[in-house]
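*Asks:*
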Amino acid sequence: MFGVRDFVERFHLFERNRFPFELKVLGLAFYVQMSSLRRTARALSEFRSVSKTAVWRWVVKLKACLSLGAL
């Protein structure tokens, strides 16, 4: 069974590093648990200023990877 970090590393989900890798992984884990972009962005803002749009982009990449893996 893969954790979120292992999954993201295995499928090379992120190409750019504007935000630290660990913050992106934490954001995806928060989103999976909370299902709210605003709450996730607010929680991540404790560490670094993150917009809900940035979190949305990470989630879109994750969803695209999951849909390709399901085929």
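Every position in the sequence shown, counted from 1, becomes a number in our numbering once 485 is added.
Where is the CB? At the ideal position from N, CA and C, for every residue including glycine.
For the alpha helix (DSSP H) that contains Gly488, what are its first and last residues?
*Replies:* Here Gly488 belongs to no alpha helix (DSSP H), and DSSP marks it neither H nor E.
*Asks:* Have a look at Met519, Val489, Ser521, Gln518 and flag the residue whose alpha-carbon is nearest the alpha-carbon of Phe506.
*Replies:* Closest option to Phe506, Cα to Cα, is Val489.
*Asks:* Compare the Cα-Cα distances from Asn502 to each of Cys550, Ser552, Val545, Ala539 and report the closest residue.
*Replies:* The shortest C-alpha separation from Asn502 is found at Ala539.
*Asks:* Have a look at Thr525 and Phe515 and give me their C-alpha separation to the nearest angstrom.
*Replies:* Approximately 6 Å, taken between the alpha carbons.
*Asks:* For Arg501, does the three-state DSSP call read helix, strand or coil?
*Replies:* Three-state DSSP puts Arg501 in coil, outside helix and strand.
*Asks:* Can you tell me whether Lys509 is buried or exposed? The criterion is at least 16 other CB atoms within 10 Å of its CB, across all chains shown.
*Replies:* So Lys509 counts as buried.
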